[in-house]
């Protein structure tokens with residue numbers, strides 16, 4: 034269902050441990066001021082599980098894309114876009 038609605042397709046294998054982590058991340062995101070620091074080996078699925086948990090919680094994702102020429106002005110523009118998104122859509126929640 035996520036792949037049908039999202040521009041960014043996810044190719045995931047959800048084994049039991051991944052589902053357990055997905056549920057934990059989702060629960061944390063739904064808490065008031067919920068946040069988490071996901072620690073693990075690169076390529077272990079932290080970002081994919083966080084994106085999927087955010088989608089299941091009904092949140093939109095804002096992600097900065099770094100390039101070689103990314104600088105302070107780009108950062109300020111990204112923050113401005115983020116603030117516009119938060120103000121226009123009720124804090125990013127549905």
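Residue numbers (my numbering): 34 to 127. For each residue, glycine too, the CB sits at the ideal point set by N, CA and C.
Exercise. What are the start and end residues of the alpha helix (DSSP H) that includes residue 56?
Worked result: 49-63
Exercise. Alpha carbon to alpha carbon, what distance is there between residue 106 and residue 89?
Worked result: 33 Å
For this session: Using the Cα positions of residue 62 and residue 109, report the straight-line distance between them to the nearest angstrom.
Result: 26 Å
Problem set entry | Member of 70, 39, 79, 97 whose CA lies at the smallest distance from the CA of residue 51 | The residue with the shortest Cα to Cα distance from residue 51 is 79.
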